[in-house]
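J.: Supplied in structure tokens, the structure appears directly below.
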Amino acid sequence: MENIYLLIVLAPLVGAILAGFLGGSLGRKGAHWVTSTGVGISAVLSLYVLKRFMFDDQEVFNGAVYTWMVSDGLHMEVGFLVDQLTAVMISVVTFVSFCVHIYTIGYMADDEHNWPKTSLAGKNSYQRFFSYISLFTFSMLMLVMANNFMQLFFGWEAVGLVSYLLIGFWSVRPTAIFANLKAFLVNRVGDFGFILGIAAVAMYFNSLDYHEVFAMAPSLADTQIQIWGDSSWSLMSLIGILLFIGAMGKSAQVPLHVWLPDSMEGPTPISALIHAATMVTAGIFMVARMSPLYELSETALTFVLVIGATTAFFTGLIGIVQNDIKRVVAYSTLSQLGYMMVALGVSAYAAGIFHLMTHAFFKALLFLAAGSVIIGMHHDQDIRNMGGVKKYMPITYWTSLVGSLALIGFPGFSGFFSKDAIIEAVHHSNIAGAGYAYVLVVAGVFVTALYSFRMFFLVFHGEGPRDEHAKAHLHESPKVVTIPLILLAIPSVIIGYMTIDAMLFGDWFKGVLYVLPEHDTLAAVQGMVHSSNGMLAHTYASVPFYLAMGGLFVAWYIYMKNPEIADKIKTMAAPLHTLLDKKYWFDEAYQFVFAGGSRLLGKFLWLAGDRGVIDGLAVNGSAFSVGWLAGIIRHLQSGYLYHYAIAMILGLTLMLGWFVFA
Amino acid sequence: MQFDSNQLIPVLPEIYILSLACLVLVIDLFIKQENRIVTYGITQIGLLLAVAITVAVGQPQTQIIFDGSYIRDPMSDVLKVGIFVVSFLAFLYAKDYLRDRDLFKGEFYTLGLFAVLGMIIMVSANSFLTIYLGLELLALSMYALVAFNRDSQDGAEAAMKYFVLGALASGILLYGISMVYGMTGTIRFDELGGAIQKVGLDNVVLVFGLVFIVIGLSFKLGAVPFHMWVPDVYHGAPTAVTLFLGSAPKIAAFALAMRMLVDGMEPLVGQGGWQGWQGMLIVLAVLSMAIGNLIAIAQTNIKRMLAYSTISHVGFILLGILAGTKEGYTAAMFYTLVYALMSAGGFGIVIALSRRGFEAENLDDYKGLNQRNPWFAGMMLLLMFSMAGVPPTVGFFAKLFVLDAVVSVDLTWVALVGVFFSIIGAFYYIRIIKLMYFDKPSDESPLSMGVDTQVVLSLNGLSMLYLGLFPAGLLSICHTAIGG
Chain C
0 MENIYLLIVL APLVGAILAG FLGGSLGRKG AHWVTSTGVG ISAVLSLYVL KRFMFDDQEV
60 FNGAVYTWMV SDGLHMEVGF LVDQLTAVMI SVVTFVSFCV HIYTIGYMAD DEHNWPKTSL
120 AGKNSYQRFF SYISLFTFSM LMLVMANNFM QLFFGWEAVG LVSYLLIGFW SVRPTAIFAN
180 LKAFLVNRVG DFGFILGIAA VAMYFNSLDY HEVFAMAPSL ADTQIQIWGD SSWSLMSLIG
240 ILLFIGAMGK SAQVPLHVWL PDSMEGPTPI SALIHAATMV TAGIFMVARM SPLYELSETA
300 LTFVLVIGAT TAFFTGLIGI VQNDIKRVVA YSTLSQLGYM MVALGVSAYA AGIFHLMTHA
360 FFKALLFLAA GSVIIGMHHD QDIRNMGGVK KYMPITYWTS LVGSLALIGF PGFSGFFSKD
420 AIIEAVHHSN IAGAGYAYVL VVAGVFVTAL YSFRMFFLVF HGEGPRDEHA KAHLHESPKV
480 VTIPLILLAI PSVIIGYMTI DAMLFGDWFK GVLYVLPEHD TLAAVQGMVH SSNGMLAHTY
540 ASVPFYLAMG GLFVAWYIYM KNPEIADKIK TMAAPLHTLL DKKYWFDEAY QFVFAGGSRL
600 LGKFLWLAGD RGVIDGLAVN GSAFSVGWLA GIIRHLQSGY LYHYAIAMIL GLTLMLGWFV
660 FA
Chain D
0 MQFDSNQLIP VLPEIYILSL ACLVLVIDLF IKQENRIVTY GITQIGLLLA VAITVAVGQP
60 QTQIIFDGSY IRDPMSDVLK VGIFVVSFLA FLYAKDYLRD RDLFKGEFYT LGLFAVLGMI
120 IMVSANSFLT IYLGLELLAL SMYALVAFNR DSQDGAEAAM KYFVLGALAS GILLYGISMV
180 YGMTGTIRFD ELGGAIQKVG LDNVVLVFGL VFIVIGLSFK LGAVPFHMWV PDVYHGAPTA
240 VTLFLGSAPK IAAFALAMRM LVDGMEPLVG QGGWQGWQGM LIVLAVLSMA IGNLIAIAQT
300 NIKRMLAYST ISHVGFILLG ILAGTKEGYT AAMFYTLVYA LMSAGGFGIV IALSRRGFEA
360 ENLDDYKGLN QRNPWFAGMM LLLMFSMAGV PPTVGFFAKL FVLDAVVSVD LTWVALVGVF
420 FSIIGAFYYI RIIKLMYFDK PSDESPLSMG VDTQVVLSLN GLSMLYLGLF PAGLLSICHT
480 AIGG
């Protein structure tokens, strides 16, 4: 099996290297073939691994593949931990990535038009793009298959780097450059916390291996440490919160969420990849993987819970006022990630991963469908200009409907099971902040339904498109685009019903995710609903269902039936609308305080520190004095043999004097 | 004296190299000048075979034979292989140089092989007598090689200086040996330690002898203040000889230090104080790193610059030895092997740039090398970064291991001095990189070198990167060799 695991990781890497370095000679066709084949191999093998775990009692693999170095007893190695959690993650990642690869063939078909004629970066951009998305898949696989913190960090950073390259793929557009820089910098903030967390682990556990750390964790559960002064901190809370700060960056949680909506500047396939399968799920996965650590600190769990709930509700609200089709979906991602974090916060790790999985399918679907509409509309992304697209793009329409219903949690669709499980788990939790979170996640259901179907109705129903020219050219997208849509639509419907019994109520994650008995909220949920059918039967009694239906109805009424209401509300609640439209002024505040502040600081350091002290005194000063000294000492080398001999004798005498007679 | 023909097996590499040298000497007599390549070919193939023989007779156990004057242990095996490989590189780079300057003569290879023989005898010596014989064989061959270009005044002057000072140093060394023998009654390294314990560590004559021996040693290594010959000899000798002189004999000099100080006189290390050789080596190491790096900055001739750089690297090798621990010896051995490779590569590039009537000795000759030949500019970049100790090249790890060893015996201040002067030293290595990449070339003619040189030089350069990325292999070899 070890070879299979290696192949899963390496196949996308090989594809990326070939397409990246030999893109010119491979040509466009060659590039998309090698990368898609590489990821395809990974996907097939991942599904095989998943199958082995499901039916054949595959043993958990945990071992090092290569030892990079050993420093002071700290092993730094490449190693894999493949258990049920990993099997689910690699299957989701590679499957979605494979769909995205195929879709990209259609989406990027005429990428030349996106580059100015003279731009050198536009040369072989198609091949480069394929190389990047394969590399992205490789990074994510390294991350989820890691068996140690070192490799986790490598994957973590590699994902960050490739996302930077992808978001700014159209590097001649200033907005894209701004967005990728922003994503990179915001992630830096998160990663700083993350690496401090890893450092704390290395310092107190003296190991980077998951299993060793997890095994030692209970014995260090009550450790208090002093960081500065006399304030003492619980080690586990500190590690939990620091690691979570990393997750906040990668999984875009408030207040580090600002990069995600801007990342829409990248081509749509990578939006789907970032939002559904890779990158943003890294944080969720990491917290779930670290469950043995998080379980030891309620403080850290509460922190996760509150941040998650805040993200879930408040970013959903912003989604209601967005007019760019991709941004609406982006805010919905933020909100759904909040839900997953909430699940982790109440120790329902399995529910978090479960929602991650269902969400991966329907969010990829929604993105690719949005992309399909964008192709149809000739890269116009404003939903106010759309309308009536249903008629022209039937496959896109129906698959979007499936995706939206799954997103709002319509009974029977995959989102229903995962989201309801989370809400119920919060309901049964008693850790601090659970009450706050419960209110927000329940209200969030209404918001989700409202923004999802606002977009859906505005795009597909009613009159339009506004532009006659666009209308004349509107038609269904080619097969390479629609087939992935259909491929993704199927799991969006059925995956929840099929897997919930095993993943949430069965023992799929037994021995993988660790939950203390007093935190076990999922057991409480199970006690109430028993199984998937039980959940469906309970639908009539659940508040979220009515809220979702309410949201759907309100969206229909406001945007289809009675459009004046929308404007009326807008003028009535103008301050609120401005607040949401400006996204709570996060961007402006960061721009002013952090960006402005660091530029000011930088300027000061440049003038006073760099030019004054370092250039002036340290560099030029020391260079001058060293040069001067060198000029003097070189005269010792006179070239005369007797000088040299004298120097030796003198050296001998001094040494003798010192060592023998001193 | 018991003689057993089995005893000839461990000593096969020496016997073989001796026969090879004689063979080359004889065959060369019957070869016309235009077929001189045959001599070269026999030498090179012979060196590769020597590697095979050394590996074949190598084994984990230590063998002491010939009444304790000869030792074969894992360290000697590794160092011999290192010497053969580096000599092979040196002869290969030297070939075109010699041919272009009408120096392509059989004597070069005969003398070279005798020098190699001297080196491997030093590596395998287990008594003062054997080690002295090896040392003199090496030195005499080298004196002749330095003067190899008989028409060159610089060469003759360098050889004269080298010879006179070398004789002086040999005298000092012998004098020290005689004192140690006088006090202990033995010249065998494996018995010396016990004898020293018996005499007592604070015996004045013993310490006296030790000082003389350390000074003889530091002359061979080229440590300050016994380094004066190094720049003049490096500068005056033909570049091909400098290349040979600056690489393989460093490995032998390391063996010299290890055999005499560690195998023989480890009780006199004087850990943590100033009585033993640890203190002496600290003085020598600190002075070497300081003077070597500082004066290198003021040089405009690359051969002189590399000579001073050698002195500073010797300081680092001494740092590893003076730690007085297995870890330190391992680090010093790693450093020595890596340095021999770096040095061979660096001079290899100097030779590659030169041609008949143009020695490429001045730093200005490196301007704009990147435009003339980007690939070899890249190799030079790797070599220079490695010498400066920039990660991920292997030079970084070599320095790191040495510093780590020194810090772990609580000599942090010495490590700090080392780091400080490395930073100063980085300047002149990086200056070459700056000249290669950011200045306009003053000479546009393309580089001419044979395919063999191109391939081997590229491998030599890339090995800096490879060993830097995967240092564990070589390190574990050194570790086993030291027996830690």
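Chains as they are written, first to last, in numbering that gives the first Met the number 0: chain C, 0 to 661; chain D, 0 to 483. All residues carry an ideal CB built from backbone N, CA and C; glycine is no exception.
#1: Got a sec: is the Cβ-Cβ distance from residue 162 of chain D to anything in chain C below 7 Å?
#2: Let me know the alpha helix (DSSP H) ranges lying completely inside the segment 257-329 of chain D, each 4 residues or longer, listed in chain order.
#3: Closer than 8 Å between beta carbons: that is the criterion. Which residues of the segment 210-230 of chain D meet it against chain C?
#4: Please confirm if residue 643 of chain C has its CB atom under 7 Å from at least one CB of chain D.
#5: Would you identify the three-state DSSP class for residue 70 of chain D, choosing helix, strand or coil?
#6: Is the Cβ-Cβ distance between residue 320 of chain D and residue 238 of chain D less than 7 Å?
#7: Counting only Cβ-Cβ distances shorter than 7 Å, please list the residues of the segment 607-637 of chain C near chain D, keeping chain order.
#8: To which residues does DSSP link residue 354 of chain D through a beta bridge?
#9: Please classify residue 393 of chain C: is it buried, with 16 or more other beta-carbons within 10 angstroms of its beta-carbon, or exposed?
#10: Let me see if you follow: with CB-CB separation under 7 Å, is residue 534 of chain C close to chain D or not?
#11: Between which residues of its own chain and residue 481 of chain C is the CB-CB distance below 6 Å, once the five residues before and five after are set aside?
#12: Taking Cβ positions only, does residue 593 of chain C come closer than 7 Å to chain D?
#13: Find the nearest neighbour of residue 262 of chain D within the set D:187, D:34 and D:27, judged by alpha-carbon distance.
#14: In the DSSP assignment, the beta strand (DSSP E) including residue 365 of chain D goes from what residue to what residue?
#15: With DSSP collapsed to three states, give me the class of residue 570 of chain C.
#16: Could you check which residue in C:304, C:364 and C:473 has the C-alpha nearest to that of residue 379 of chain C?
#17: If you measure beta-carbon to beta-carbon, which residues of the segment 287-313 of chain D are closer than 7 Å to chain C?
#18: Hey, which unbroken runs of the alpha helix (DSSP H) at 4 residues or more fall wholly within the segment 22-82 of chain D?
#19: Looking at residue 274 of chain C and residue 332 of chain C, is the spacing between their C-beta atoms short of 7 Å?
#20: Considering only DSSP beta bridges, list what residue 224 of chain C is partnered with.
#21: With the cut-off set at 7 Å, would you say residue 413 of chain C and residue 334 of chain C are in Cβ contact?
#22: List the whole-angstrom C-beta distance separating residue 18 of chain C from residue 133 of chain C, where the pair is believed to meet the contact cut-off of C-beta under 8 Å.
#23: Consult DSSP for residue 460 of chain D and reduce its assignment to one of helix, strand or coil.
#24: Between the segment 326-335 of chain D and the segment 290-304 of chain D, are three or more C-beta pairs nearer than 8 Å?
#25: Which residues in chain C sit within 8 Å of residue 203 of chain D, going by Cβ to Cβ distance?
#26: Looking only at DSSP bridge pairs, what is residue 75 of chain C linked to?
#27: For the segment 179-209 of chain D, enumerate the residues whose C-beta is nearer than 7 Å to any C-beta of chain C, in chain order.
#28: Taking the straight line between their C-alpha atoms, what separation do you get for residue 349 of chain C and residue 54 of chain D?
#29: Check whether the segment 255-272 of chain C touches the segment 178-185 of chain C, taking contact to mean three or more Cβ pairs, one atom from each stretch, closer than 8 Å.
#30: What distance in whole Å lies between the Cβ atoms of residue 393 of chain D and residue 466 of chain D, which are believed to be in contact at a cut-off of 8 Å?
#31: Using the beta-carbon of each residue, which ones in chain D are nearer than 7 Å to residue 646 of chain C?
#32: What are the boundary residues of the alpha helix (DSSP H) that includes residue 375 of chain C?
#33: Pick helix, strand or coil for residue 149 of chain D, following the three-state DSSP scheme.
#34: On a CA-only basis, which of D:208, D:462 and D:324 is nearest residue 182 of chain D? Give me that one, please.
#35: In the segment 236-275 of chain C, which residue ranges form an unbroken alpha helix (DSSP H) of at least 4 residues, counting only runs that do not cross its ends?
#36: Is there a Cβ of chain C sitting closer than 7 Å to that of residue 422 of chain D, yes or no?
T.: So, from the listed chains and residues:
#1: Your numbering for residue 162 of chain D matches position 163 in the second sequence. Not an interface residue.
#2: Runs of the alpha helix (DSSP H) inside the segment 257-329 of chain D: 276-296 and 301-321.
#3: Flagged, chain order: 210, 211, 213, 214, 218, 224, 225, 227, 228 and 230.
#4: In the first sequence, the residue the question calls residue 643 of chain C occupies position 644. Residue 643 of chain C has a beta carbon lying within less than 7 Å of a beta carbon in chain D.
#5: For the purposes of this step, residue 70 of chain D is identified with residue 71 of the second sequence, where counting begins at 1. Residue state for residue 70 of chain D is assigned as strand, using DSSP reduced to three classes.
#6: Within the second sequence, residue 320 of chain D is the residue found at index 321, counting from 1. Within the second sequence, residue 238 of chain D is the residue found at index 239, counting from 1. In this structure, residue 320 of chain D sits away from residue 238 of chain D, with a CB-CB distance that is not shorter than 7 Å.
#7: For the segment 607-637 of chain C, which is checked against every Cβ of chain D, the residues closer than 7 Å are 625, 626, 628, 629, 630, 632, 633 and 636.
#8: Here residue 354 of chain D refers to the residue found at position 355 of the second sequence. Looking at the DSSP assignment, residue 354 of chain D forms a beta bridge with D:357.
#9: The sequence position of residue 393 of chain C within the first sequence is 394, counting from 1. Exposed: under 16 other Cβ atoms inside 10 Å.
#10: If you number the first sequence from 1, residue 534 of chain C lands on position 535. Interface residue (Cβ-Cβ distance to chain D less than 7 Å): residue 534 of chain C is not classified as such.
#11: The count along the first sequence starts at 1 and reaches residue 481 of chain C at position 482. So the list reads 394, once near-sequence residues are dropped.
#12: The residue given as residue 593 of chain C occupies position 594 in the first sequence. So no, residue 593 of chain C is outside the interface.
#13: Sequence index remark: in the second sequence, residue 262 of chain D carries index 263 (1-based). Of the listed residues, the one whose Cα sits closest to residue 262 of chain D is D:187.
#14: Numbered from its first residue, the second sequence carries residue 365 of chain D at position 366. Judged by DSSP secondary structure, residue 365 of chain D falls outside any beta strand (DSSP E); it is assigned neither H nor E.
#15: The residue given as residue 570 of chain C occupies position 571 in the first sequence. Helix.
#16: The residue given as residue 379 of chain C occupies position 380 in the first sequence. For residue 379 of chain C, the closest alpha carbon among the candidates C:304, C:364 and C:473 is that of C:473.
#17: Going along the segment 287-313 of chain D in chain order, one finds 290, 293, 294, 296 and 297 with a Cβ nearer than 7 Å to chain C.
#18: List check, alpha helix (DSSP H) in window: 36-56.
#19: In the first sequence, residue 332 of chain C corresponds to position 333, counting from 1. In the first sequence, residue 274 of chain C corresponds to position 275, counting from 1. Yes, the pair counts as a contact, with Cβ atoms nearer than the cut-off.
#20: Here the question's residue 224 of chain C lines up with position 225 in the first sequence. The partner list for residue 224 of chain C (beta bridge, DSSP) reads C:232.
#21: Taking the first residue of the first sequence as 1, we reach residue 413 of chain C at position 414. Taking the first residue of the first sequence as 1, we reach residue 334 of chain C at position 335. Not closer than 7 Å, so no.
#22: Position 19 of the first sequence, counted from the start, is the residue given in the question as residue 18 of chain C. Position 134 of the first sequence, counted from the start, is the residue given in the question as residue 133 of chain C. Right, the Cβ-Cβ distance comes to about 7 Å (below 8 Å), so this counts as a contact.
#23: Reading the second sequence from its first residue, position 461 is the one you call residue 460 of chain D. Correct three-state label for residue 460 of chain D: helix.
#24: Result no; under three Cβ-Cβ pairs closer than 8 Å.
#25: Along the second sequence, one-based indexing puts residue 203 of chain D at 204. Per Cβ cutoff of 8 Å: 659.
#26: Looking up residue 75 of chain C in the first sequence gives position 76. In DSSP, residue 75 of chain C forms a bridge with C:68.
#27: Answer set for the segment 179-209 of chain D: 203, 206 and 207.
#28: Along the first sequence, read from residue 1 onward, the residue named residue 349 of chain C stands at position 350. Along the second sequence, read from residue 1 onward, the residue named residue 54 of chain D stands at position 55. About 58 Å.
#29: In this structure the segment 255-272 of chain C lies against the segment 178-185 of chain C, because at least three pairs of beta carbons, one per stretch, are closer than 8 Å.
#30: Along the second sequence, read from residue 1 onward, the residue named residue 466 of chain D stands at position 467. Along the second sequence, read from residue 1 onward, the residue named residue 393 of chain D stands at position 394. For residue 466 of chain D against residue 393 of chain D, the beta-carbon gap comes to about 4 Å, under 8 Å, which counts as contact.
#31: Counting from 1 along the first sequence, the entry for residue 646 of chain C is found at position 647. Against chain D, the beta carbon of residue 646 of chain C has neighbours under 7 Å at 224 and 227, listed in chain order.
#32: Position 376 of the first sequence, counting from 1, holds the residue named residue 375 of chain C. From DSSP, the alpha helix (DSSP H) with residue 375 of chain C extends over 348-375.
#33: Mapped onto the second sequence, residue 149 of chain D falls at position 150. In the three-state reduction of the DSSP assignment, residue 149 of chain D falls in the coil class.
#34: Indexing the second sequence from 1 puts residue 182 of chain D at position 183. Nearest of D:208, D:462 and D:324 to residue 182 of chain D, Cα basis: D:208.
#35: Residue ranges of uninterrupted alpha helix (DSSP H) with 4 or more members, entirely inside the segment 236-275 of chain C and ordered along the chain, are 258-261 and 267-271.
#36: To locate residue 422 of chain D, count along the second sequence from 1; it is residue 423. Not one chain C Cβ lies under 7 Å of residue 422 of chain D.
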